[in-house]
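Numbering (the working numbering), first residue to last: 13 to 496. Note that beta-carbon positions come from the ideal geometry of N, C-alpha and C, so glycine has one too. Here the structure comes first, spelled out in structure tokens, and everything after it is commentary.
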């Protein structure tokens with residue numbers, strides 16, 4: 013069997029992690045694949061805010077090898093825990109990092125033991141992939157084991173009678189143009205995130221392209237200068253909740269700069285959840301009118317209007333709101349997320365498959381998005397490697413049909429139970445988490461509760477709905493990827 017030609021659409025966490033594990037196959041597996049990664053940005057997108065790894069994600073990191081595990085841990089963000097403050101900035105609770113937590117011991121706190129900036133993780137995975145790919149010689153005349161095409165994205169996918177996929181490309185900075193001729197691949201993998209173009213091409217009939225919006229839930233992200241104040245010695249995440257279902261998390265990752273997450277949860281339509289409306293019917297809890305939810309109607313990417321609307325919503329919210337609004341206005345890395353789950357009936361069709369947020373975005377509320385991306389990439393690469401070994405005669409032969417397509421189905425069968433566990437209850441908890449934040453009294457009660465939880469060392473991550481493990485699910489071991 014000739015080496016597989018594999019295309020990965022997307023150079024984010026899932027795409028880079030998958031490229032690493034597929035490149036690792038070159039050191040253990042005959043006829044290892046050649047890999048092309050296409051990314052719509054003009055260069056390596058080594059930017060972004062803070063991420064964390066938990067449970068099986070930490071084990072996947074360990075299986076990359078002790079040297080790389082140490083390199084990644086050396087990049088870890090210095091966050092020491094999370095505090096909750098009131099409108100005057102007084103600390104009401106503190107939840108430090110739980111040292112020594114891992115996938116086989118106690119659950120981690122809201123700040124995990126392994127926090128890392130997105131850009132550092134992307135750069136580290138990219139460097140690790142290139143190092144692994146260059147560690148084995150490439151036969152003369154063969155393409156590079158891993159190549160990257162920037163300012164490029166998929167325009168169309170056409171399945172061929174051979175089972176392969178014909179792909180055309182476009183240039184995002186000049187839509188409609190194509191700097192690359194059509195190519196044929198044995199396998200196409202969509203790792204292009206929550207708003208995946210690959211998913212739209214693969215399943216054009218999915219309602220809302222597979223997105224399940226959490227009505228009225230928005231989070232804005234950006235960084236802003238904020239030098240450490242006199243007497244400030246800890247690198248903490250600080251959470252503040254204001255009346256009107258508004259809140260901030262300000263995370264310090266540097267002595268001079270902080271990351272900001274601004275959250276707005278619009279109240280349900282008419283503020284009458286479950287009560288009869290004028291027509292005698294119960295108000296739909298999933299409806300939010302424009303008066304209460306002015307963010308949803310704004311077109312994605314209209315940054316000036318998004319910032320202006322958030323300024324209107326958050327003015328007078330208390331704590332350091334004037335500083336945050338001023339920082340937001342100047343921020344050039346601002347992004348407003350409309351929260352939603354990706355839940356689709358199947359992750360593959362033919363020889364096109366999805367991984368990471370493109371297939372199963374669990375939202376930031378789960379605290380497990382990065383872990384799902386890393387673990388999903390590992391499982392998918394493992395099943396591809398098993399197929400290659402079988403096709404080469406190193407193991408049980410596939411009997412009839414398309415063995416590669418069956419490998420993609422096995423990836424889903426193995427990993428879907430974990431994903432469903434991470435996504436379970438997210439929509440219900442989203443509303444429940446903000447139920448007490450409509451009034452100052454409710455927030456006072458909430459601050460009292462988290463203060464008691466802090467004193468009693470309660471696992472507050474579980475209170476916030478972060479579920480790190482799924483009963484009965486274990487990370488598979490793939491001979492071609494890792495040996496203990």
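Here residue 67 is buried: its Cβ has 16 or more other Cβ atoms, across all protein chains shown, within 10 Å.
Counting along the chain, no beta strand (DSSP E) covers residue 332, and no H or E run does either. By DSSP's assignment, residue 51 forms a beta bridge with 162. Here residue 253 is bridged, per DSSP, to 259. Judged by pairs of C-beta atoms under 8 Å, the stretch 221 to 241 touches the stretch 344 to 352, as three or more such pairs exist.
Between residue 165 and the set 76, 157, 226 and 195, the nearest pair of CA atoms involves 195. Between the alpha carbons of residue 244 and residue 264 lies a distance of about 11 Å. Taking 3 residues as the minimum length, the beta strand (DSSP E) runs contained wholly in the stretch 41 to 97 are 46 to 51, 62 to 65 and 93 to 97, in order along the chain.
With a minimum length of 3 residues, there is no unbroken run of beta strand (DSSP E) contained wholly in the stretch 371 to 433.
In this structure, residue 398 places its C-beta atom within 9 Å of the C-beta atom of residue 490. Closest in C-alpha terms to residue 14, from the list 363, 404 and 84, comes 404. Minimum Cα-Cα distance from residue 369 among the listed residues 201, 267 and 465 corresponds to 201. Taking 9 Å as the cut-off, the beta carbon of residue 312 is found no closer than this to the beta carbon of residue 278.
Between the stretch 46 to 61 and the stretch 122 to 133, the count of Cβ pairs shorter than 8 Å is three or higher; the stretches touch. Nearest neighbour of residue 247 by Cα position, chosen from 456, 225, 123 and 420, turns out to be 123. Residues 479 of the same chain have their beta carbon placed closer than 8 Å to that of residue 436, with the five preceding and five following residues left out of the count. Here residue 107 is bridged, per DSSP, to 94.
Secondary structure at residue 346: coil, using DSSP grouped into helix, strand and coil.
Judged by DSSP secondary structure, residue 138 falls within the alpha helix (DSSP H) whose first and last residues are 130 to 145. In chain order, 97, 259, 260 and 331 place their CB closer than 7 Å to the CB of residue 252, counting only its own chain and leaving out the 5 sequence neighbours on each side. The beta carbon of residue 385 lies closer than 6 Å to those of 25, 26 and 368 in the same chain, with the five residues before and after it left out.
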